[in-house]
Amino acid sequence: MKKFGWFFLVLLCLLGTACSQEKLATIHQEPSGEHQQTEEISKPVSKSLSVTPLVLPKSSFHSVIGWLDEYEVLYVIDKHDEYQLMVYNIKTGESSELLEESGSLIQADLSPSNDYLLLHNADTSTKAEVLIIQLSTLDVVWHHEIESAELMYEWNPYDESKLLFTAFEEDWSYQMWIGDYQLNKWEAIEGVPPFVHWSSQNTLVYQDETRANDDNKQGSLYEYSIDRSEDRIISNNIVAFDQFSSYRMTVKLAEEKNEALYYFENDDEIVSFVIPAADFNLPEYDYIEDDNSMISFKLSKQESNESEAMHYQLVKWDIKNQHEEVINDYLQNEPISCSPAGERCLYGYQLTSIIDANTGNVEPLILYEEDIQ
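Counted the way mature numbering (1 follows the signal peptide of the UniProt record, and there is no 0) counts, the sequence shown spans residues -20 to -1, 1 to 353.
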C-alpha cells in the first residue's frame, strides 16, 4: 500500500507514526472527479491504441477498483441511491454487470488473490458498513458495521479471511480490530499504531518514530506478535516501509547524497536500489507478486524554478536479478495499480489511464462523453 496527501501528513505528525501504503476513506466524502491540479506534463501517445477506451457520462462514473486479470478491470457506476459493479474488458471493449448494491459506496477493494471484494458503504458520517463478497459466487460472506468517521483496513495476504480495521473518530482518536469473516470473529487489538502491514498470519509490522533514539524524523520498524501481544525492533532509521509476500521493503535516506535507498530483505538475501531524493516523499509504486518485481516512479529532475513541476521516470526493478528497466522517461508521480503479471498499470488519481509496461505508452481507459462531443 502504500498516498494520503497533506491532510494525512498532518495526522501522521500528530500520531508520531510513518506513512505506508494503506486503504483509507472519509465516510462523508465519496471519490470525485476533482483532484489537486498539477502542471501539465506531456505524455507519450501510442499511434494505434491497444486499449479500447470505455466511454461514460461523467456524472455516472464513481471509481476504478482494479484488475481482475490481465485484461479485465473492475469499476463502479454511481446511480445515486445504488451502484453497479461493472467488468470492462480492455481488449474487446465489452462491459458487463457483476452485481448491483443499494447504498452509498465510499470505496471498494479486491483481496490480494482477487477472490474476494470488500465494499465500504456509508450513509452517515459516523458509521461504516463493510461487506465481503466472494466473487466466484457473488455471495456476501461477511457483514459488519463500524462506528467511525474515517475507516482504514488491511487485508492479510497470508490468510485472507482476516482483515485489520482502524476506525478514527473526529478528534483522531482511534480503535483497531481484527475481523475474521470465516470464523465470524471481531477482536479488539491494542498497543499498535495505525498504518501497519501484515507480515505473517499472526504478526504485524509498523513504524514508530516516538521510540527513536535520536532527534531526527527517521523511525524504527517493529514487528508485533498478535498471539503474545508484544513487539520487537527489526530495523532502525527508516523513513518508509512495506511488506510483500517474498520481501520486506524499507527505505532509508542518505541525506548527504540526496538519495533514498530501498532495501528488499527476506531470510536469504538483501537487495538494494538507489533513487534521487529531493525533499523526499515516497513515490507511488506497485509490487508485482507474480515475478517479485516492483514498478515505481523515480525522480528524474527538479527544475530550478519552483513553479516548474518535477518529472519522474517510471522504472521496473527486477529484485532477484538487481536490474532496473526504464518504462517511461517523463511522467507525473501519480497513483498506479498494475495487473497481476505487471504487463500494464492503471494510472492517475482516479486510475482512468493505462500504462503499457512494455512500451511505456499511456492510453485512456475511460473517456467522458462530455469531453468527446
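Backbone N, C-alpha and C fix where the C-beta goes; we use that ideal spot for every residue, glycine too.
The structure displayed is predicted, hence computed values, not measured ones.
Per DSSP, cross-strand counterpart(s) of residue i
i	result
residue 256	239
residue 277	294
residue 119	114
residue 155	147
residue 218	199
residue 212	203
residue 232	241
residue 101	85, 109
residue 251	244
residue 262	DSSP, once it has assigned bridges, lists no residue as partnering residue 262.
residue 69	52
residue 317	326
residue 176	186
residue 96	114
residue 127	107
Beta-carbon gap between residue i and residue j smaller than 7 Å
i	j	result
residue 87	residue 77	no
residue 277	residue 263	yes
residue 31	residue 334	yes
residue 180	residue 162	no
residue 298	residue 319	no
residue 82	residue 62	yes
residue 182	residue 160	no
residue 300	residue 307	no
residue 198	residue 251	no
residue 265	residue 224	no
residue 240	residue 218	no
residue 56	residue 68	no
residue 357	residue 280	Past the edges of the chain, shown from -20 to 353, lies residue 357, and the structure says nothing about it.
residue 101	residue 116	no
residue 324	residue 309	no
residue 137	residue 174	no
First through last residue of the beta strand (DSSP E) which encompasses residue i
i	result
residue 45	41 to 47
residue 268	265 to 268
residue 344	342 to 344
residue 309	303 to 311
residue 187	183 to 188
residue 60	Here residue 60 belongs to no beta strand (DSSP E), and DSSP marks it neither H nor E.
residue 330	Taken as a continuous stretch (DSSP letters only), residue 330 belongs to no beta strand (DSSP E), as it is neither H nor E.
residue 165	165 to 169
residue 86	85 to 90
residue 79	75 to 82
residue 299	Counting along the chain, residue 299 falls outside any beta strand (DSSP E), and DSSP gives it neither H nor E.
residue 31	Unbroken run through residue 31: none, as it is neither H nor E.
7 Å Cβ shell around residue i - same chain, five flanking residues per side excluded
i	result
residue 129	7, 105, 106, 148, 149, 150
residue 20	Residue placement at residue 20 cannot be trusted, given a pLDDT of 37 that sits under 50; what the coordinates show is reported in the next sentence. So no residue of the chain qualifies.
Close-in-space but distant-in-sequence residues of the same chain around residue i (CB under 8 Å, 5 per side omitted)
i	result
residue 221	-3, -1, 177, 185, 187, 201, 215, 228, 229, 230, 231
residue 125	107, 108, 109, 110
residue 349	35, 36, 37, 38
residue 270	320, 321, 322
Residue interval of the alpha helix (DSSP H) (run including residue i)
i	result
residue 351	349 to 352
Beta-carbon contacts of residue i that lie in its chain and below 6 Å, excluding the five residues immediately before and after
i	result
residue 99	88, 111
residue 29	Low confidence applies here, because residue 29 scores a pLDDT of 45, under 50, leaving its location unreliable; read the following figure in that light. Cβ within range, chain order: 343.
residue 311	292, 294
residue 33	344, 347
residue 401	In the structure displayed, the chain extends from -20 to 353; residue 401 sits before or after that span and is not available.
residue 13	Low local confidence applies: a pLDDT of 40 at residue 13 is under 50, so the model's placement there is unreliable, with the coordinate-based value given in what follows. Hits under 6 Å: none found.
residue 328	314
residue -13	Residue placement at residue -13 is flagged as unreliable, the pLDDT there being 37, under the threshold of 50; the coordinate-derived value follows with that caveat. Counting only Cβ-Cβ distances below 6 Å, and skipping sequence neighbours, we find nothing.
residue 244	227, 229, 251, 299
residue 11	Only weak support is given to the placement of residue 11: the predicted model assigns it a pLDDT of 41, under 50, and the question is left unresolved by the model.
residue 332	345, 346
residue 15	Bear in mind that the predicted position of residue 15 carries a pLDDT of just 38, short of 50, making it too unreliable to give a figure here.
residue 118	79
residue 155	147
residue 127	107
residue 242	231, 253
Closer than 6 Å: residue i CB and nearest the ligand GTP heavy atom
i	result
residue 141	No copy of the ligand GTP occurs in the structure displayed, which carries no ligand at all.
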